[in-house]
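**Student:**
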Amino acid sequence: MATDPEPFVIRGAGGVRIVADRLGDPGARAVVFLHGGGQTRRSWGRAAAAVAARGWQAVTVDLRGHGESDWSSEGDYRVVSFAADVEEVLRSLPPRPVLVGASLGGFTAMLLAGELSPGIASAVVLVDIVPNMEQAGADRIHAFMVDRVESGFGSLEEVADAIAEYNPHRPRPTDLDGLTTNLRRRGDRWYWHWDPQFISGAAALPPVEVTDPDRMHAAVAAILRHGVPMLLIRGQMSDLVSQQRADEFLTRFPQVEFTDVRGAGHMVAGDRNDVFAGAVLDFLARHSSNA
Numbered sequence: 003m004a005t006d007p008e009p010f011v012i013r014g015a016g017g018v019r020i021v022a023d024r025l026g027d028p029g030a031r032a033v034v035f036l037h038g039g040g041q042t043r044r045s046w047g048r049a050a051a052a053v054a055a056r057g058w059q060a061v062t063v064d065l066r067g068h069g070e071s072d073w074s075s076e077g078d079y080r081v082v083s084f085a086a087d088v089e090e091v092l093r094s095l096p097p098r099p100v101l102v103g104a105s106l107g108g109f110t111a112m113l114l115a116g117e118l119s120p121g122i123a124s125a126v127v128l129v130d131i132v133p134n135m136e137q138a139g140a141d142r143i144h145a146f147m148v149d150r151v152e153s154g155f156g157s158l159e160e161v162a163d164a165i166a167e168y169n170p171h172r173p174r175p176t177d178l179d180g181l182t183t184n185l186r187r188r189g190d191r192w193y194w195h196w197d198p199q200f201i202s203g204a205a206a207l208p209p210v211e212v213t214d215p216d217r218m219h220a221a222v223a224a225i226l227r228h229g230v231p232m233l234l235i236r237g238q239m240s241d242l243v244s245q246q247r248a249d250e251f252l253t254r255f256p257q258v259e260f261t262d263v264r265g266a267g268h269m270v271a272g273d274r275n276d277v278f279a280g281a282v283l284d285f286l287a288r289h290s291s292n293a
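In our numbering, each number is its position in the sequence shown, counted from 1, plus 2.
Right, dumping it as structure tokens:
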């Protein structure tokens, strides 16, 4: 098995260039990881390695406007457009992959597997996201992303301070050079890697689909009607998916499996990758005949 991810490029909806990494046997069944808003495919590195080590093909995708993927010239960052891009990625993979989506990536998985292309996925893992999320948590994410979106940062130290303030339960980043994977240098300042139109443009976050829980609940219901197993992984300290919101979702959809990750906030894989990867692998093992 290759130990380094192999990058590949797919043309998404409207010709947008989508960059992804593949780790493991390209002929094996795929687990496709979809990051949250403002993140990149590299946020899944350790989880992807753990999945590939079990014989799966791990695929991590930079959503449009993020990482190395193209920015949308029209500022089109609707969830349905993210989903259409990912559908094109899936066309290059063995049939019926598993979708693992965090936050925005989870909404993308819902619409892709439940509305745009029912039956395309063999299993779905939602990482700290439900349609009926806490608005206060969503507002905090939005505030973090919109802050400095235009002005940028004067140094990597400033970036580390901003991240530490947003994630007080994590140690302040010490590998400042490692932060550059999420940044772009313009002149003498650093800016987040993602397209500012994603957060401040005419079609900016939150896309209409994110604020339409009825539509998202319908997508989840459609996924489950097709017999597709689903797992919700929640960060126990999450302010986006509170215990109450998780309980409401699980009461509505009792067939959904649930893992609560102690010591993790909204960024579950980054906070407790050991527990996160173990939960995903256990879920895959339980549903190997389906997945």
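Each residue gets a CB set at the ideal place from its N, CA and C atoms; glycine is no exception. Predicted model only: the values in this text are computed from it and were never measured.
Helix or strand or just coil, what does DSSP make of MET135?
**Tutor:** Mapped onto the sequence shown, residue 135 falls at position 133. Correct three-state label for MET135: coil.
**Student:** In terms of residue numbering, what span does the alpha helix (DSSP H) encompassing GLY280 cover?
**Tutor:** One-based indexing of the sequence shown puts residue 280 at position 278. It spans 275-288 - the alpha helix (DSSP H) in which GLY280 sits, taken as one unbroken run.
**Student:** Roughly how many angstroms separate the alpha carbons of ASP216 and HIS195, rounded to a whole number?
**Tutor:** Along the sequence shown, read from residue 1 onward, the residue named residue 216 stands at position 214. Along the sequence shown, read from residue 1 onward, the residue named residue 195 stands at position 193. Each residue's alpha carbon lies about 32 Å from the other.
**Student:** Just mark ARG236 as buried or exposed, buried being the case when its beta carbon has 16 or more other beta carbons within 10 Å.
**Tutor:** As a position in the sequence shown, residue 236 is number 234, starting the count at 1. It is buried - the Cβ of ARG236 has at least 16 other Cβ atoms within 10 Å.
**Student:** Tell me, to the nearest whole angstrom, how far the beta carbon of TRP192 is from that of PHE155; I am working on the premise that it is less than 8 Å.
**Tutor:** Sequence index remark: in the sequence shown, residue 192 carries index 190 (1-based). Sequence index remark: in the sequence shown, residue 155 carries index 153 (1-based). Contact holds; Cβ gap of about 5 Å.
**Student:** Quick check: what's the CA-CA separation for ALA54 versus VAL34?
**Tutor:** Working through the sequence shown from its first residue, we reach residue 54 at position 52. Working through the sequence shown from its first residue, we reach residue 34 at position 32. Cα to Cα, the separation comes out at about 11 Å.
**Student:** Taking buried to mean at least 16 other C-beta atoms within 10 Å of its own C-beta, is ASP6 buried or exposed?
**Tutor:** The sequence position of residue 6 within the sequence shown is 4, counting from 1. Counting Cβ neighbours within 10 Å, ASP6 comes out exposed, since fewer than 16 surround it.
**Student:** As an exercise, report each continuous beta strand (DSSP E) stretch of at least 3 residues that is fully enclosed by the segment 52-103, in chain order.
**Tutor:** Runs of the beta strand (DSSP E) inside the segment 52-103: 59-63.
**Student:** Using alpha carbons as the reference points, say which of ARG174, HIS144 and ALA125 lies closest to LEU226.
**Tutor:** Working through the sequence shown from its first residue, we reach residue 226 at position 224. The residue with the shortest Cα to Cα distance from LEU226 is ALA125.
**Student:** Going by DSSP in three states, ILE12 sits in which element: helix, strand or coil?
**Tutor:** For the purposes of this step, residue 12 is identified with residue 10 of the sequence shown, where counting begins at 1. Residue state, collapsed to three classes: strand.
**Student:** Going by C-alpha to C-alpha distance, which of ARG31, VAL258, HIS171 and GLY139 sits closest to ALA223?
**Tutor:** Taking the first residue of the sequence shown as 1, we reach residue 223 at position 221. Measuring from the Cα of ALA223, the nearest candidate turns out to be VAL258.
**Student:** Give the straight-line distance between the Cα atoms of PHE314 and VAL230, rounded to the nearest whole angstrom.
**Tutor:** The structure shown does not extend to residue 314, since the chain is modelled only from 3 to 293, so the question has no answer here.
**Student:** VAL212 and GLN238 - do their beta-carbons sit closer together than 8 Å?
**Tutor:** To locate residue 238, count along the sequence shown from 1; it is residue 236. To locate residue 212, count along the sequence shown from 1; it is residue 210. Contact: no.
**Student:** Reducing DSSP to helix, strand and coil, say where LEU207 ends up.
**Tutor:** Against the sequence shown, residue 207 aligns to sequence position 205. Summary for LEU207: the model assigns pLDDT 49, below 50, so the residue's position carries little reliability; its value from the coordinates is reported in the next sentence. LEU207: coil per DSSP, three-state reduction.
**Student:** Exposed or buried, what is LEU234 when buried is set at 16 or more other beta-carbons lying within 10 Å of its beta-carbon?
**Tutor:** Working through the sequence shown from its first residue, we reach residue 234 at position 232. Burial call: buried.
**Student:** CB-CB under 6 Å to TRP46, same chain, minus the five flanking residues each way: which ones, in chain order?
**Tutor:** Taking the sequence shown and counting its residues from 1, one reaches residue 46 at position 44. Excluding sequence neighbours, TRP46 sits near PHE35 and THR62.
**Student:** State the Cα-Cα distance for the pair GLU76 and LEU92, rounded to the nearest angstrom.
**Tutor:** Against the sequence shown, residue 76 aligns to sequence position 74. Against the sequence shown, residue 92 aligns to sequence position 90. Approximately 24 Å between the Cα atoms of the pair.
**Student:** Give me the residue from ARG31, ALA52, VAL18 and ALA15 with the minimum Cα distance to VAL282.
**Tutor:** Counting from 1 along the sequence shown, the entry for residue 282 is found at position 280. Minimum Cα distance to VAL282 is reached at ALA52.
**Student:** Whose C-alpha, out of ALA220, TYR168, ILE201 and ARG31, is nearest the C-alpha of ALA111?
**Tutor:** Sequence index remark: in the sequence shown, residue 111 carries index 109 (1-based). Considering only alpha carbons, the answer is ALA220.
**Student:** Please name the residue in GLU89, GLY139 and HIS289 whose C-alpha comes closest to that of MET232.
**Tutor:** Along the sequence shown, one-based indexing puts residue 232 at 230. Residue HIS289 is the option with its Cα nearest to MET232.
**Student:** Would you mind giving the Cβ-Cβ distance between PRO120 and ALA32, rounded to the nearest angstrom? I have them listed as a contact below 8 Å.
**Tutor:** On the sequence shown, residue 120 is found 118 positions in, with the first residue counted as 1. On the sequence shown, residue 32 is found 30 positions in, with the first residue counted as 1. The Cβ separation is near 18 Å, so there is no contact.
**Student:** Based on DSSP bridge pairs, tell me the residues matched to ARG187.
**Tutor:** Walking along the sequence shown from the start, residue 187 turns up at place 185. According to DSSP, ARG187 bridges with TRP192.
**Student:** Between ALA205 and VAL151, what straight-line distance do the alpha-carbon atoms span, to the nearest angstrom?
**Tutor:** Indexing the sequence shown from 1 puts residue 205 at position 203. Indexing the sequence shown from 1 puts residue 151 at position 149. A caution first: ALA205 carries a pLDDT of 49, below 50, which makes its placement in the model unreliable, though a value can still be read off. Their Cα atoms are separated by approximately 16 Å.
**Student:** Could you tell me the distance, in whole angstroms, from the CA atom of LEU207 to the CA atom of PHE200?
**Tutor:** Residue mapping note: residue 207 aligns to position 205 of the sequence shown, counting from 1. Residue mapping note: residue 200 aligns to position 198 of the sequence shown, counting from 1. Low local confidence applies: a pLDDT of 49 at LEU207 is under 50, so the model's placement there is unreliable, and no value is given.
**Student:** Output the distance between the C-alpha atoms of HIS68 and PHE251, rounded to the nearest integer angstrom.
**Tutor:** Stepping through the sequence shown from its first residue, residue 68 is reached at position 66. Stepping through the sequence shown from its first residue, residue 251 is reached at position 249. One C-alpha to the other measures close to 29 Å.
**Student:** Does SER153 come within less than 8 Å of chain D when only Cβ atoms are used?
**Tutor:** No chain D appears in this structure, which consists of one protein chain only.
**Student:** Ignore the nearest five residues each way along the sequence and tell me which others in ARG24's own chain have a CB closer than 7 Å to its CB.
**Tutor:** Sequence index remark: in the sequence shown, residue 24 carries index 22 (1-based). The residues are PRO7, GLU8, PHE10, GLN59 and VAL61.
**Student:** In whole angstroms, what is the alpha-carbon distance linking GLU167 and GLU117?
**Tutor:** Reading the sequence shown from its first residue, position 165 is the one you call residue 167. Reading the sequence shown from its first residue, position 115 is the one you call residue 117. Going from the Cα of GLU167 to the Cα of GLU117 covers about 37 Å.
**Student:** When the Cα atoms are used, what is the spatial distance from VAL100 to GLY40?
**Tutor:** For the purposes of this step, residue 100 is identified with residue 98 of the sequence shown, where counting begins at 1. For the purposes of this step, residue 40 is identified with residue 38 of the sequence shown, where counting begins at 1. For VAL100 and GLY40, the distance between alpha carbons rounds to 22 Å.
**Student:** My guess is that VAL21 and VAL129 are in contact by the Cβ rule of under 8 Å, so how many angstroms apart are they, rounded?
**Tutor:** In the sequence shown, the residue the question calls residue 21 occupies position 19. In the sequence shown, the residue the question calls residue 129 occupies position 127. Not quite, the Cβ-Cβ distance comes to about 21 Å (not below 8 Å), so this is no contact.
**Student:** Spatial neighbours of VAL132 within its chain, please: C-beta separation below 6 Å, excluding the five flanking residues on both sides.
**Tutor:** Along the sequence shown, read from residue 1 onward, the residue named residue 132 stands at position 130. For VAL132, where only same-chain residues beyond five positions count, the Cβ hits under 6 Å are VAL243, ARG247 and PHE251.
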